[in-house]
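Encoded as structure tokens, the structure appears first; notes follow it.
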Amino acid sequence: METGTGLTRAIIAAVEHKCDLINMSYGEPTLLPDYGRFVDLVNEAVSKHHLIFVSSAGNSGPALNTVGAPGGTSSSIIGVGAYVSPAMAAGAHCVVEPPSDGLEYTWSSRGPTADGDLGVCISAPGGAVAPVPTWTLQQRMLMNGTSMASPSACGGIALLISAMKAEGIPVSPYIVRKALENTAIPIGDSAEEKLSTGQGLMQVDKAYEYLRLSQNVPPVWYQVNIKQSGKESPLSRGIYLREASACQQPTEWTVQVSPKFHEDANNFEDLVPFEECIELHSTDNTVVKAPEYLLLTHNGRTFNTFVDPTNLSAGLHYYEVYGIDCKAPWRGPLFRIPVTITKPKAVTNRPPQVVFSKMLFKPGHIERRYIEVPHGAFWAEATMKASGFDTARRFFVDAVQICPLQRPLKWESFTSFSSPASKSFTFKVVGGQTLELVISQFWSSGIGSQETTSVDFEVMFHGVKVNQEQILLDGSEAPVRIEAEALLASEKLAPVAILNKIRIPYRPIEAKITALSTDRDRLPSGKQTLALILTYKIKLEDGAEVKPQIALLNNRIYDTKFESQFYMISDSNKRIYSSGDAYPKSTKLPKGEYNLQLYLRHDNVQILEKMKQLVLFIERNLEDKDAIRLCFFSQPDGPLIGNSTFKSSTLVPGIKEAIYLGPPPKDKLPKNSPPGSVLVGAISYGKLSNGENKNPEKHPVSYRVSYIVPPNKVEEDKGKSSSLSGKKTVSERLEEEVRDAKIKVLGGLKQESEEECLEWKKLSASLKSEYPKYTPLLAKILDGLVSRSNIKDKIHHSDEIIEAANKVIDSIDREELAKFFALKNETEDEEAEKIKKKMESTRDQLAEALYQKGLALAEIESLKEVDIPLASSGTEEAKKSGDPKSDEKSAPEEGTHPDLFEENFDELKKWVSVKSSKYGILLVIRERRCQRLGTALKALMDMIQDDSEAAKKKLYELKLSLLDEIGWTHLATYERQWMHVRFPPSLPPF
């Protein structure tokens, strides 16, 4: 899909290359019409650089208010609807009996916008047999949509521009748009057709003649801003009376008409002389009244208009106030003030129900009903009965409501009837807001049949009102009190709540603002686009499907002042696992650590500075078995005592009922839910007349429920001295703390330069002399040697590792360790638990020493390519306590050196599984030494397929080496190609 970065760069490129015309077929619903960063860039491109911008209106019809951004909601863009002609229906769609007249496609989006603008500017053919890529194994295919209508219109406009340039006529987006609107052929004369098709079907030949006559007309765009008199409300581009309260009395509106010239217009030659005498017309003076004349100068003029909807019948009504040049009436309307009225039908009966009977449908026919949803209604249950037809019928059923500063609340269903039957629907509604119910037979459904479809549609409103819609459980043991009531009719109160997601917040560990490329990211205005790159560190204890979320930015592309957002998730090898933009997606990630880089763009550094500590949430779904179902109680002490569980009851109008929502049991919390994370889910209250009531997320009206994970419980005896530590004196405990502090300092020293290595060696030698048999110290020294990177003499370094490993081995009483793990040790008390943890830690240190020693022995062997000489004292104990070797490799002959690698390997097998991912590399080396290459490869593949940690490059390099040694060159070539994907040299640029 489109991204903010791509859209901005496209505008920059179009301006740089002095393009005349742009087509764009992207779009989506919007919170605010004619608003946002991209809209600002388009306005600048049109007004300053004379670009003509054409875009699709959208494919979300047939309901009103479905035009998408930016095509159907922006004043500077020519929004195009999709039209199907009889010839297209016959030739392209191959229908049996094409319609006698052309019509708008059923799915083509309709206006008006939320602020009253018409939405659709013109219509154009919305289908074609078009060329397609050859990977489809065909050359052309039938395609339809406003994404076909928009380029069709764009092609027609390109012809106009070509003719204008050939004849020396200046190209102005304002004049071209006016020519298209005022020469289009209206498709029907009803209010519905006006909002569906705009000014009508574009006519290139007539628009050309209009442009030839307009050579001496000032290139002006007439901007209309409207405000209701006596009311504090934002400016609008039209008058839209949708709610019942707006239709109960006449209203007065202040209209400001402002001529807008291109930015390069000359003050004295263009602006000062501009003066036009405008004759104002209303399409119906009984409903919309306006003055007769208006003298318009460059500074604009204001006038009032009156709208009286009180005598109108329920339903859709559309009117216009338009201005005509008195001296040149051939120019047609210079500006239009659209007036849309949707007068709803009140629902007064109880229980609240509306029935629409015997609605008759033919192909393409649309029935619209406007209902004043009663206060207290939260969902509707509808039944549709279709009869009287022969062949199958397809219908669109849409329900749309407009709420302030929200995208249209839209429910839709595309349903089919093969025989007379009834179907049921359930959808969400908002009480007190007008509901548009749209039932339409698909334009090509039933063509060829002479039968008319009869439809009965019944809507029943339901609602359970609660005092808290969004529930927050703060982590305490206290339940949340909820009051519920039914305002319309008796309802079944059957609350259900579930927590099935976990959201963990993260702050960025790094924030960097940089200036972007001057070639691609310098705006037409000359401003330089800046980028803020935020880096988040994410750790997953196990594999999970995660989704990054930023509440401030997500789900908005066009109706935001931020230019762009993009993220990439990579592992420690710089491999990209996922990327996304304004609409984040879930991604399956294995266990491990990841970096998420978030990329934000803007030309204002102050705005980016405010975003440097932006909180990001990582959300993952809990498995069904881990989802937590919350319990409801009829008493406040119910969660504590464990009784008074609430299941359901019947709510009677006028009587409230209180219930309590208890917190989740602490033992049910997910294991990877750190304190401060949030468990998220859904809660529903009312029971549907039909359908299951187990999952609140499937209920048409569900609310968010959240639970803040509290701090972990404090162990009862934590902080108390154990019996073992209680025997030590203060001086002994102080000595131990000093010792541990010294070891911690040693572990924190770097060994990147020779000076740092010498300092590390000096401190380690000092500590060894002070604590010669202390295993944790010796293990830390071994870790330091292994982690050293700047190695010159590898053989000497391996000898040092072997010596350090032997000291760790010799410091451990393996006989006592073996006895402990041979017996069953119960951890009933704290002391036993501490002993067990200590013994497990000692075993791990022993295994690590044997493992590192084995690697060092193999390294020396590979470097010298000779048998390994006899090692020092560390193996003497191994020989005494080790079992005879049981593998295929024969024992060394008398008088030869023993195989120290095998002896070390046998000792390691006593303590841990050598097939585990932690120690498996030693098994691979051993099998390779024994020339069992296939077994070595299988062991290596088992390690690679273990997704408990990020892929290690050395494992894949070893795999390549084994494949080459076996002679499987085709597999080796395949793996080498994949190495570029698994281990890229760097992260890709944004």
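Add 105 to the 1-based position in the sequence shown for my numbering, that's all there is to it.
Here a beta-carbon is modelled for each residue, glycine too, at the ideal position from N, C-alpha and C.
Using C-beta distances below 6 Å, list every residue in its chain close to Q328, excluding the 5 sequence neighbours before and after it, in chain order. By 1-based counting over the sequence shown, the position of residue 328 is 223. If we look at Q328 and ignore the five residues flanking it on each side, its Cβ neighbours are S363 and K365.
Leaving out the 5 sequence neighbours to the left and right, which residues in its chain are closer than 7 Å to E802 when beta-carbon positions are compared? Working through the sequence shown from its first residue, we reach residue 802 at position 697. So the list reads A787, once near-sequence residues are dropped.
Could you give the DSSP three-state label for H154: helix, strand or coil? As a working note, residue 154 is residue 49 in the sequence shown. Collapsing the DSSP output to three states places H154 in a helix.
Mind checking C226: buried by the 16 CB within 10 Å criterion, or exposed? Along the sequence shown, read from residue 1 onward, the residue named residue 226 stands at position 121. That one is buried.
C-alpha gap between T110 and D125, whole angstroms: For this step, residue 110 is matched to residue 5 along the sequence shown. For this step, residue 125 is matched to residue 20 along the sequence shown. About 22 Å.
For my contact list, E1062 and A1044 are in at a C-beta cut-off of 8 Å; report their separation, rounded to the angstrom. Here residue 1062 is taken as the residue at index 957 of the sequence shown, counted from 1. Here residue 1044 is taken as the residue at index 939 of the sequence shown, counted from 1. Going by Cβ atoms, the distance from E1062 to A1044 rounds to 16 Å, so no, they are not a contact pair.
Contact under 8 Å by Cβ, H707 with L635: Position 602 of the sequence shown holds residue 707. Position 530 of the sequence shown holds residue 635. Yes, the Cβ-Cβ distance between H707 and L635 is below 8 Å.
Roughly how many angstroms lie between the CA atoms of G1039 and T1074, to the nearest whole one? Residue numbering aside, residue 1039 sits at position 934 when the sequence shown is read from its first letter. Residue numbering aside, residue 1074 sits at position 969 when the sequence shown is read from its first letter. Taking the straight line joining both Cα atoms gives about 15 Å.
Quick one, which of E368, E921, L890 and G631 has its alpha-carbon nearest E121's? Position 16 of the sequence shown, counted from the start, is the residue given in the question as residue 121. Ranking E368, E921, L890 and G631 by Cα distance to E121 puts G631 first.
Proximity winner among F501, V147, P457 and S749, relative to I544 (alpha-carbon distances): Counting from one through the sequence shown, the residue named residue 544 turns up at place 439. Taking only the C-alpha atoms, the option nearest I544 is F501.
How long is the line joining the alpha carbons of V571 and V806, rounded to whole angstroms? By 1-based counting over the sequence shown, the position of residue 571 is 466. By 1-based counting over the sequence shown, the position of residue 806 is 701. About 12 Å.
D1051 versus S1022 - alpha carbon distance: The residue you call residue 1051 lines up with position 946 of the sequence shown. The residue you call residue 1022 lines up with position 917 of the sequence shown. In a straight line, the C-alpha of D1051 is about 7 Å away from that of S1022.
I'd like the span of the beta strand (DSSP E) that includes N1102, first residue to last. What the structure shows of the chain is the stretch from 106 to 1095, and residue 1102 is not part of that stretch, so it cannot be assessed.
Could you name each continuous beta strand (DSSP E) segment of 3 residues or more that falls completely within the segment 623-651, going from the start of the chain to the end? Those beta strand (DSSP E) runs which fall completely within the segment 623-651 and span 3+ residues are 635-645.
Buried versus exposed, by CB contacts within 10 Å (16 or more), P414: On the sequence shown, position 309 is the one that residue 414 refers to. When all chains shown are included, P414 counts as buried.
In terms of residue numbering, what span does the alpha helix (DSSP H) encompassing I907 cover? Stepping through the sequence shown from its first residue, residue 907 is reached at position 802. That run of the alpha helix (DSSP H) goes K899 to D915.
Buried or exposed for S978, going by 16 or more other Cβ atoms inside 10 Å? Taking the first residue of the sequence shown as 1, we reach residue 978 at position 873. Low local confidence applies: a pLDDT of 38 at S978 is under 50, so the model's placement there is unreliable, with the coordinate-based value given in what follows. S978 counts as exposed, since fewer than 16 other beta carbons sit within 10 angstroms of its beta carbon.
Secondary structure at G852, three-state DSSP: helix, strand or coil? Counting from 1 along the sequence shown, the entry for residue 852 is found at position 747. When DSSP states are grouped into helix, strand and coil, G852 belongs to the helix group.
Could you give the first and the last residue of the continuous alpha helix (DSSP H) run that contains Y1079? What you label residue 1079 is simply residue 974 of the sequence shown in a count that begins at 1. Looking at the DSSP string, the run of the alpha helix (DSSP H) that includes Y1079 is T1074 to R1087.
Residues in the same chain with beta-carbon distance under 6 Å from A487, minus the five sequence neighbours each way, listed in chain order, please. Residue 487 sits at position 382 when you count from the first residue of the sequence shown. Closer than 6 Å at the Cβ level, and outside the excluded window around A487, lie F530 and V564.
Nearest to L639 (by Cα), restricted to the options I906, E646, T619 and T623: As a working mapping, residue 639 is identified with position 534 in the sequence shown. Residue T619 is the option with its Cα nearest to L639.
Q328 (DSSP reduced to helix, strand or coil): Residue 328 sits at position 223 when you count from the first residue of the sequence shown. The answer is strand: DSSP assigns Q328 an E or B state.
Can you tell me whether A485 is buried or exposed, with buried defined as 16 or more other CB within 10 angstroms of its CB? Residue 485 sits at position 380 when you count from the first residue of the sequence shown. Taking all protein chains shown into account, A485 has 16 or more neighbouring C-beta atoms within 10 Å of its C-beta and is therefore buried.
Inspect the beta-carbon positions of K885 and G853 and report whether they are closer than 8 Å. Your numbering for residue 885 matches position 780 in the sequence shown. Your numbering for residue 853 matches position 748 in the sequence shown. Contact: no.
What do you reckon, are the CB atoms on A589 and S753 nearer than 8 Å? What you label residue 589 is simply residue 484 of the sequence shown in a count that begins at 1. What you label residue 753 is simply residue 648 of the sequence shown in a count that begins at 1. Going by C-beta atoms, A589 is not nearer than 8 Å to S753.
Thinking just about the alpha-carbon of each residue, which of R586, V478, G437 and G469 is nearest to the one in P457? Start at 1 with the first residue of the sequence shown, and residue 457 comes out as number 352. That would be V478, whose Cα lies nearest to the Cα of P457.
Is it right to say D626 is buried, meaning 16 or more other beta carbons lie within 10 angstroms of its own, or is it exposed? One-based indexing of the sequence shown puts residue 626 at position 521. D626 comes out buried.
In whole angstroms, what separates the C-alpha of Y812 from that of L577? Looking up residue 812 in the sequence shown gives position 707. Looking up residue 577 in the sequence shown gives position 472. Roughly 6 Å separates the two Cα atoms.
Option in S152, I182 and K467 with minimal Cα separation from I552: For the purposes of this step, residue 552 is taken as residue 447 along the sequence shown, with counting starting at 1. Of the listed residues, the one whose Cα sits closest to I552 is K467.
Best match in D647, D664 and F671 for proximity to P653 [C-alpha to C-alpha]: Along the sequence shown, read from residue 1 onward, the residue named residue 653 stands at position 548. Cα-wise, what sits closest to P653 is F671.
Which term fits L340, buried or exposed, when burial requires 16 or more other beta carbons within 10 angstroms of its beta carbon? Position 235 of the sequence shown, counting from 1, holds the residue named residue 340. So L340 counts as exposed.
With a threshold of 8 Å on Cβ separation, who are the neighbours of A952 within its own chain once the five nearest residues in sequence on each side are excluded? Sequence index remark: in the sequence shown, residue 952 carries index 847 (1-based). Only L1013, W1016, V1017 and Y1024 meet the Cβ criterion.
Enclosing beta strand (DSSP E) for Y812 [first to last residue]: Counting from 1 along the sequence shown, the entry for residue 812 is found at position 707. Start and end: Y808 to I813.
To the nearest angstrom, how far is it from the Cα of I182 to the Cα of V159? By 1-based counting over the sequence shown, the position of residue 182 is 77. By 1-based counting over the sequence shown, the position of residue 159 is 54. The C-alpha of I182 lies about 6 Å from the C-alpha of V159.
So what does DSSP say about D413, is it helix, strand or coil? Taking the first residue of the sequence shown as position 1, residue 413 is located at position 308. In the structure shown, D413 sits in coil (DSSP, three-state: anything other than H, G, I, E or B).
Taking all protein chains shown into account, decide if I655 is buried (16 or more other Cβ within 10 angstroms of its Cβ) or exposed. Within the sequence shown, numbered from 1, the residue matching residue 655 stands at position 550. It is buried - the Cβ of I655 has at least 16 other Cβ atoms within 10 Å.
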